[in-house]
Amino acid sequence: MKRAHGLITGAALAAAMSTALATGAAAQTIKIGVNEPLTGPFAASGTYVVNGAKIAADEINAKGGLLGRKIELLIEDNKSNPTEAAAVAEKLISGDKVPVIMGAWGSSLTLAVMPKLMEYKVPMVVETSSSSKITTSGNSYIFRISPPSSVEATEFKAIMPSLGIKKADFLVINNDWGRGSAEDFGKIMKAQNIQVGLVEIMDQAAQDMSAQLAKIKATDSDTIMVTTAVEQLTLVLKQAAALGITKRIVTTGGSQNPDQLIEQAGAAANGSMHLTTFAPWYPDKTPDPAATKYFLGEWKKRGYAIAGATESFRGYDGIRTIANAIQRAGKAEPAAITDALWTTDFPGLNGQIKFQKQGPTGKESGQSMPNLYLIKIENEKIILSGS
Amino acid sequence: MTELLQHIVNTLILGSTYALLGIGLTLIFGIMRVVNFAHGELYSFGAYALYFVGVMLGLNFFLALIVAVVLGCFAGALIEVVLLRPMRGADIDTTMLVMIGAMIVMQNGEQFVWGGVAKSVSTPFPELPLVIGSISVSWLRLFVFCAALALIGVSYLLINRTKLGKAMRATFQDRDAASLMGVNIQFIYMATFAIGSSLAAAAGALLGPVYVISPQMGNLASLKAFAIVILGGLGSIGGATIGGFLLALAEELGAGYVSSGYRDAMGFLIIIVVLLFKPTGLFARAERIG
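Respectively, the protein sequence lines represent chains A and B. For the first sequence, counting from 1, position 37 maps to 37 in this note's numbering; every step adds exactly one. For the second sequence, counting from 1, position 112 maps to 499 in this note's numbering; every step adds exactly one.
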């Protein structure tokens, strides 16, 4: 009898405690889920994005938070793996009860998360992914602030004549991002009477691309279009230089982190050109110079390598987009935030953040259109060569 | 033709490091019969050791390489004494599970200590490649090739020409008989594992600067090492050497002339074909029965 009594008290106590904890936490903070690759092949990029997100969260909290509450980032590692990305989304939504998520860096990672958003009706701000599929597959919980590769390719069209490309080969990472870029850029090039030669693929974990590069070296193309993240890109540049390849290399996707390329690939990075969505080297040329300078100042103050700035600004803008929506929604609930995201209109570090409708009617996704810059590395310095 | 020559040069360089990985594992897996899932972790251990000594402590690159290999040797000895010695006589599955545990602990340990972001190591070699006709190769890779060949030669001599090598071979043929002949069995087990580990660490330290160093770099290395050992035949140093070069050739030509999307699959395709016709691998050591 005594034992049963003890059990009941225990259970009651536990129940009381968990309610207290839950309501206590809810009253204290607004939770925002962050689903990024912190390990695996995209670790560098994911870490930069998270660091940018933290700057935004600290800035918002220093100004008194949102709706009288502090915001709290729940940062989870998706290990650069789509299966893990979906699991992380599940954990954030059903375990931590976050009303909104930012993620998931890579296109394949984001695509893996998307069904979970539909299932639980929770919106996600997509900060980096560029596969066109993401906003055209009819998922109305997707709000993307990075350019899809089709837009990147269209904007690149204006820059192309100045480069005088006659024939291009592609070397792309083997996922939705890489294959999507090859397709979108290939289409634009063919329309401009530029020949498209080889489309070579590299596994996302591959470290040796010599075979693909040797094949490309032997063709009569003048340009290699490369799509991958900074770690693999460093290896591509080094290995291309080692094979004595002198063709022009143009990279897409906005995850090149040119300063890191210069630091790690050295002279091998010279002459390479990169399409990026942020130009931290020329803050006065960005749409909101004051905000850019504040962000770069914070980045420096925290002792982060400047190389990360081209990537991390997306984390910063992503969290600011979410915070802006929560503020206008007046409550931290998924449906209210989704509605508020549609009316977003504020200056991000790379242009106005404002969502247009994309995809099948009735279940459109949101897509914001940022600026695009083409930069060139010369003598281990970064030069703005077109925008 | 030029393209083919370039593929062959690439193959030789890649193959030499694959061979090194394969020889290290063939000692442990082929001779000691320990299914060493931590082999790839010793590979990344070697790379991080080079990074620590060469970049963080600022030691000369070549000295740092040697230190990394020695550290790999000690790490291997430690694993043998702490994890495998108590398992002596246990069946192959039990030690396999222990090594899977070791792999998980080591990989997560690396992640904990160094973070998930890849590190790179700069070397004293010139950045401009060596160009012969239309073929070009980086000096660093050329050095890696020579160092790997030297290490392969040393291992061969060690196993086949020294007293230690003879004792090793005797021990794993018949432990009791070797023991009765006065061979220090415990020492031989430790030495074999340490030598195999130091070869993996050497491969990691040599390839770390060629590629980038990350906690996950060992996964693919492990997989390839097992493939090489199975291809070459368990326990055969010559087999592992040839197996390494064959795997590199299959990958290089597969990516060059078939499809780069299936580069890593090519190697395994070759293995399936070889095993269909020669189930013990190309150069299996004669099994002693009983």
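Beta carbons: idealized from backbone N, C-alpha and C, even for Gly.
- In the DSSP assignment, PHE670(B) forms no beta bridge with any residue.
- Look at ARG248(A) here: in three-state DSSP terms it is strand.
- In this chain, GLY64(A) is not harboured by any beta strand (DSSP E), its DSSP state being neither H nor E.
- At least one CB of chain A lies nearer than 7 Å to the CB of ASN397(B).
- When C-alpha distances from ILE582(B) are compared across GLY409(B), VAL396(B), SER403(B) and ILE395(B), the shortest belongs to GLY409(B).
- Relative to the Cα of ILE30(A), the nearest Cα in the group GLU84(A), VAL98(A) and ASN51(A) belongs to VAL98(A).
- Look at PRO283(A) here: in three-state DSSP terms it is helix.
- Of all residues in the region 191 to 219 of chain A, only GLU200, ILE201, MET202, ASP203, ALA205, ALA206, GLN207, ASP208, SER210, ALA211, GLN212, ALA214, LYS215, LYS217 and ALA218 place a beta-carbon less than 8 Å from a beta-carbon of chain B.
- DSSP places GLU36(A) in the uninterrupted beta strand (DSSP E) bounded by 29 to 36.
- The alpha-carbon separation between LEU429(B) and ALA589(B) amounts to approximately 9 Å.
- Across the region 481 to 507 of chain B, CB contacts with chain A closer than 9 Å involve GLN498, GLY502, GLY503, VAL504, ALA505 and SER507, in sequence order along the chain.
- The C-beta of GLN573(B) has fewer than 16 other C-beta atoms within 10 Å across all chains shown, which makes the residue exposed.
- With a minimum length of 4 residues, the unbroken runs of alpha helix (DSSP H) contained wholly in the region 101 to 142 of chain A fall at 107 to 120 and 133 to 136.
- Every unbroken stretch of the alpha helix (DSSP H) spanning 4 or more residues and falling wholly within the region 67 to 98 of chain A is given here in chain order: 82 to 90.
- 7 Å or more divides the Cβ of LEU66(A) from the Cβ of ILE353(A).
- Nearest to THR482(B) by alpha-carbon distance, out of LEU392(B), ILE453(B), PHE461(B) and MET419(B), is MET419(B).
- Linking ASN81(A) to SER585(B) through their CA atoms gives a straight-line distance of about 31 Å.
- Classified as buried, VAL49(A) has 16 or more neighbouring CB atoms from the shown chains inside 10 Å of its CB.
- When beta bridges are read from the DSSP output, SER542(B) appears opposite no residue.
- With a cutoff of 7 Å on beta-carbon distance, SER609(B) and GLY427(B) are scored as near each other.
- Under DSSP, THR276(A) shares a beta bridge with TYR373(A).
- Below the 9 Å Cβ cutoff, chain B contributes no neighbours of ASN51(A), its closest Cβ being approximately 11 Å away.
- At a cut-off of 7 Å between beta carbons, ALA307(A) makes no contact with chain B.
- Around LEU517(B), the same chain offers SER523, VAL524, SER525, TRP526 and LEU529 as residues with beta carbons nearer than 8 Å, after the five sequence neighbours per side are excluded.
- DSSP places THR234(A) inside the alpha helix (DSSP H), whose first and last residues are 230 to 242.
- Residue-level contact check: ALA43(A) touches chain B, since one or more beta carbons of chain B fall below 7 Å from its beta carbon.
- One Cα belongs to PHE664(B), the other to LEU538(B), and the distance between them is close to 31 Å.
- Of the candidates THR154(A), SER130(A) and ILE134(A), the residue whose Cα lies closest to the Cα of PRO148(A) is SER130(A).
- From the beta-carbon of GLU311(A), no residue of chain B is found nearer than 8 Å; the closest lies around 12 Å away.
- Taking the CA atoms as reference points, TRP501(B) sits about 26 Å from PHE580(B).
- Secondary structure of GLN207(A) (DSSP, three-state): coil.
- Under the three-state reduction of DSSP, THR223(A) is assigned to strand.
- In the structure shown, MET653(B) falls within a helical segment according to DSSP collapsed to helix, strand and coil.
- Under the Cβ distance rule, GLN560(B) does not count among the residues neighbouring chain A, no pair being separated by less than 7 Å.
- Closer than 7 Å to the CB of ALA104(A) there is not a single CB belonging to chain B.
- Interface annotation, VAL518(B): in contact with chain A, CB-CB separation under 7 Å.
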